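These notes are about the structure you will find just below.
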Amino acid sequence: MRTSAFLSISLLLIASLPSSAQGAKKIRLTSSETKALVQAVQDEIYDREYQGHFFPEGGPVGDIISESRTRVPLYVDPVLEDGEGEAIYKLMPHGEVLRLFHMHDDGTIVLDGDPELGFPASQPNRKTVYIRDGDVDRMKHTWVKSSFEIDLSPSPETIQEVVRRQKQRTGGFSAWEFAHSKETKKPQ
Amino acid sequence: MARSKFIASSLLILVLLSPSAGAQSDTISEQDTEPDGEYLAAEGQAKAQTAQNPVYQAPNENNPKEIQLDDVVFNETGGLRADPKAKPGHPGSAEDLHGARVAVGEVAERVLQSSHPEREQAPRNLTNETVRDLNAGNKDVIRALNDSLSAVRAGSNTTEGAMHFRTGRHKFKSLYGHRATMYFGPFPDATGGKRYLTVAP
Chain F
0 MRTSAFLSIS
10 LLLIASLPSS
20 AQGAKKIRLT
30 SSETKALVQA
40 VQDEIYDREY
50 QGHFFPEGGP
60 VGDIISESRT
70 RVPLYVDPVL
80 EDGEGEAIYK
90 LMPHGEVLRL
100 FHMHDDGTIV
110 LDGDPELGFP
120 ASQPNRKTVY
130 IRDGDVDRMK
140 HTWVKSSFEI
150 DLSPSPETIQ
160 EVVRRQKQRT
170 GGFSAWEFAH
180 SKETKKPQ
Chain A
0 MARSKFIASS
10 LLILVLLSPS
20 AGAQSDTISE
30 QDTEPDGEYL
40 AAEGQAKAQT
50 AQNPVYQAPN
60 ENNPKEIQLD
70 DVVFNETGGL
80 RADPKAKPGH
90 PGSAEDLHGA
100 RVAVGEVAER
110 VLQSSHPERE
120 QAPRNLTNET
130 VRDLNAGNKD
140 VIRALNDSLS
150 AVRAGSNTTE
160 GAMHFRTGRH
170 KFKSLYGHRA
180 TMYFGPFPDA
190 TGGKRYLTVA
200 P
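Protein sequences, first through last, are from chains F and A. Counted from 1, the first sequence has number 167 at position 168 by numbering that gives the first Met the number 0; the numbering is strictly sequential. Counted from 1, the second sequence has number 3 at position 4 by numbering that gives the first Met the number 0; the numbering is strictly sequential.
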């Protein structure tokens with residue numbers, strides 16, 4: 000009797016152990032956080048001026064909404080580990096990518112990695128062609144399916160807002176602003 | 000019998016409640032079983048001053064190979080930071096991070112000199128964001144670039160001819176079917192999270 004009671008208490012203690020003791024703190028992504036992720040993905044595309052790559056000759060990437068608007072699937076791992084999550088989506092012109100992202104304390108989502116690196120296989124942010132098909136399929140089927148929309152010709156006001164948000168996320172860097180400035184030389 | 004069960008249960012609880020049991024274990028997660036895939040020049044006070052206010056050390060402009068490798072190593076590892084809580088020389092320390100950069104530099108050089116230099120790794124030039132950070136005097140980026148250059152100039156063979164490396168959230172048991180021979184990290188990533196570097200033949 001005493002043994003079984005002790006075992007029950009032991010099991011309760013084990014179950015109540017903080018997840019950090021098991022290596023990582025895991026939480027589930029909320030719908031508002033998913034929306035913040037969608038905005039981070041869209042902002043990066045506009046900031047990098049990638050939107051034209053979603054509208055190649057022959058048909059758009061994603062599901063056409065109009066001649067200049069497309070909806071692209073976004074698969075998100077519902078579990079954040081130590082504030083870090085994963086998503087799969089088509090990021091043209093690179094192709095489909097597995098992308099890490101981070102949720103900051105203020106709810107801001109920051110995408111990991113620099114798209115200019117090209118998502119090589121050596122990096123955690125990598126093109127899904129470098130991942131086994133079965134694993135990509137499993138992730139797409141078990142993760143939360145969301146989507147983001149891309150406009151071929153965002154308004155100047157939209158771009159201004161995108162640049163502002165990107166600079167907040169990256170500590171002051173905007174690819175759009177950089178590309179439209181004369182700051183292109185590496186200091187010697 | 001009940002007494003032996005009690006002792007066994009107690010031992011189990013002690014093991015499970017030990018703070019180091021889970022958090023410090025180097026277990027390789029299920030996800031990672033896929034077969035696929037500052038050192039500063041001066042000593043003493045000068046070293047400390049340089050660490051606090053680093054000056055960008057540019058690669059030799061007459062040495063294109065050094066420039067390319069420097070940029071590859073930085074692009075592969077520039078987001079990694081030394082863990083301030085790591086003991087010197089231990090996993091995650093500044094010394095460990097330098098070792099990781101040396102390893103990446105060695106493998107990257109072998110790839111570039113191989114019969115298939117087109118094998119994809121990080122680009123051989125700096126990204127716009129890095130250029131912007133350099134121009135803005137970002138100390139972390141300058142330190143990482145200087146450390147990358149030092150790694151490239153090491154001219155060592157710590158990886159013993161290895162041809163593969165991969166950065167990830169976890170360690171990898173093997174790369175390209177070759178059992179991993181070296182691990183570095185965990186290092187905090189500049190954006191968040193932690194990263195390991197795995198090296199394999």
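Where a beta carbon is used, it is the ideal one built from N, C-alpha and C, also for glycine. Note that this is a predicted model, so its numbers are computed, not measured.
Alpha carbon of residue i to alpha carbon of residue j, nearest angstrom
i, j, result
"Asp-105(F)", "Glu-128(A)", "24 Å"
"Thr-180(A)", "Asn-74(A)", "23 Å"
"Asn-124(F)", "Arg-98(F)", "5 Å"
"Gly-51(F)", "Thr-33(F)", "24 Å"
"Ser-145(F)", "Leu-90(F)", "15 Å"
"Gln-122(F)", "Gly-58(F)", "30 Å"
"Arg-123(A)", "Glu-66(F)", "37 Å"
"Thr-69(F)", "Glu-48(F)", "15 Å"
"Asn-134(A)", "Tyr-55(A)", "10 Å"
"Phe-171(A)", "Glu-156(F)", "45 Å"
"Phe-177(F)", "Glu-43(F)", "13 Å"
"Arg-165(A)", "Leu-151(F)", "35 Å"
"Lys-25(F)", "Asp-139(A)", "29 Å"
"Asn-61(A)", "Ser-113(A)", "22 Å"
"Glu-29(A)", "His-169(A)", "With a pLDDT of 33 at Glu-29(A), under the threshold of 50, the predicted position of this residue should be treated as unreliable, though the coordinate-derived value follows. Their backbone Cα atoms lie some 10 Å apart in a straight line."
"Val-198(A)", "Arg-109(A)", "13 Å"
"His-208(F)", "Ala-93(A)", "What the structure shows of chain F is the stretch from 0 to 187, and residue 208(F) is not part of that stretch, so it cannot be assessed."
"Asp-132(F)", "Tyr-74(F)", "15 Å"
"Lys-86(A)", "Asp-95(A)", "10 Å"
"Val-103(A)", "Leu-36(F)", "32 Å"
"Asp-136(F)", "Val-128(F)", "12 Å"
"Ala-150(A)", "Lys-166(F)", "31 Å"
"Gly-191(A)", "Glu-83(F)", "7 Å"
"Gly-160(A)", "Gly-112(F)", "28 Å"
"Glu-160(F)", "Asp-46(F)", "10 Å"
"Gly-167(A)", "Val-40(F)", "21 Å"
"Arg-178(A)", "Ser-154(F)", "52 Å"
"Ala-107(A)", "Val-72(A)", "8 Å"
"Glu-105(A)", "Ile-141(A)", "21 Å"
"Lys-84(A)", "Ile-130(F)", "33 Å"
"Leu-68(A)", "Met-162(A)", "15 Å"
"Tyr-38(A)", "Ile-149(F)", "Reliability fails at Tyr-38(A), whose pLDDT of 34 lies under 50, so the model's placement of it is uncertain and the value that follows must be treated cautiously. Their backbone Cα atoms lie some 45 Å apart in a straight line."
"Trp-175(F)", "Val-96(F)", "21 Å"
"Pro-188(F)", "Glu-65(A)", "Shown here, chain F extends from 0 to 187; a query on residue 188(F) therefore has no answer."
"Arg-163(F)", "Ala-189(A)", "21 Å"
Listed by chain order, chain F residues near residue i by CB distance under 9 Å
i, result
"Asn-145(A)", "Correct list: empty, because the minimum Cβ distance to chain F is about 13 Å."
"Glu-75(A)", "Leu-116, Pro-119, Ser-121 and Gln-122"
Counted within 10 angstroms of its Cβ, other Cβ atoms place residue i as buried (16 or more) or exposed
i, result
"Asn-52(A)", "exposed"
"His-101(F)", "buried"
"Gly-117(F)", "buried"
"His-115(A)", "exposed"
"Ser-147(A)", "buried"
"Tyr-88(F)", "buried"
"Thr-29(F)", "exposed"
"Gln-120(A)", "buried"
"Pro-55(F)", "exposed"
"Ser-180(F)", "exposed"
"Gln-48(A)", "No answer about Gln-48(A) holds up, because its pLDDT of 45 lies below 50 and its placement is not dependable."
"Gly-98(A)", "buried"
"Ile-64(F)", "exposed"
"Ala-41(A)", "The predicted position of Ala-41(A) is uncertain, since its pLDDT is 35 and thus under 50; no value can be drawn from it."
"His-103(F)", "exposed"
"Trp-142(F)", "buried"
"Gly-136(A)", "exposed"
"Pro-185(A)", "buried"
"Glu-117(A)", "exposed"
"Asn-156(A)", "exposed"
Amino acids of chain A, ordered along the chain, whose beta-carbon sits closer than 8 Å to that of residue i
i, result
"Gly-82(F)", "Gly-191 and Gly-192"
"Val-109(F)", "Thr-190 and Gly-191"
Contacts that residue i makes with chain F (C-beta to C-beta distance below 7 Å)
i, result
"Asn-127(A)", "Glu-115, Ala-174 and Phe-177"
heavy atom of the ligand SAM below 7 Å from residue i C-beta
i, result
"Thr-180(A)", "What this structure holds is no ligand at all, so the ligand SAM is not there to describe."
Chain-ordered neighbours of residue i on chain A, where CB pairs are closer than 7 Å
i, result
"Leu-199(F)", "Since the first and last residues shown for chain F are 0 and 187, residue 199(F) lies out of range."
* Asked: Can you give, in chain order, each stretch of the beta strand (DSSP E) that sits fully within the stretch 129-153 of chain F and has at least 3 residues?
  -> Here the runs fully enclosed are 143-150.
* To do: Could you please tell me which residues of the stretch 95-106 of chain A, in chain order, have their CB closer than 8 Å to any CB of chain F?
  => Taking a C-beta cut-off of 8 Å against chain F, none of the residues of the stretch 95-106 of chain A qualify.
* Segments of 3+ residues assigned as beta strand (DSSP E) that fall wholly inside the stretch 132-187 of chain A -> Segments of the beta strand (DSSP E) lying fully in the stretch 132-187 of chain A: 163-167 and 181-187.
* Please specify which runs of the alpha helix (DSSP H), each continuous and at least 4 residues long, are wholly inside the stretch 75-135 of chain A, giving them in chain order. => Here the runs fully enclosed are 93-112 and 127-134.
* According to a CB-to-CB cut-off of less than 8 Å, which residues of the stretch 161-175 of chain F neighbour chain A? -> Residues Thr-169, Gly-171, Phe-172 and Ala-174.
* To do: Pick out the complete beta strand (DSSP E) segments inside the stretch 42-114 of chain F, 3 residues or longer, and give them in chain order.
  => Listed in chain order, they are 62-65, 68-75, 78-80, 83-90, 94-102 and 108-110.
* Asked: Which of the residues in the stretch 58-90 of chain F, read from start to end, lie with their CB under 7 Å from any CB of chain A?
  -> Answer set for the stretch 58-90 of chain F: Asp-81, Gly-82 and Glu-83.
* Mind checking the stretch 109-128 of chain A against chain F and listing, in chain order, the residues whose C-beta falls within less than 8 Å of any C-beta there? => Correct list: Glu-119, Gln-120, Ala-121, Pro-122, Leu-125, Thr-126, Asn-127 and Glu-128.
* Asked: Using a beta-carbon distance cut-off of less than 7 Å, what residues from the stretch 156-182 of chain A approach chain F?
  -> From the stretch 156-182 of chain A, only Phe-164, Arg-165, Thr-166, Gly-167 and Arg-168 have a Cβ closer than 7 Å to chain F.
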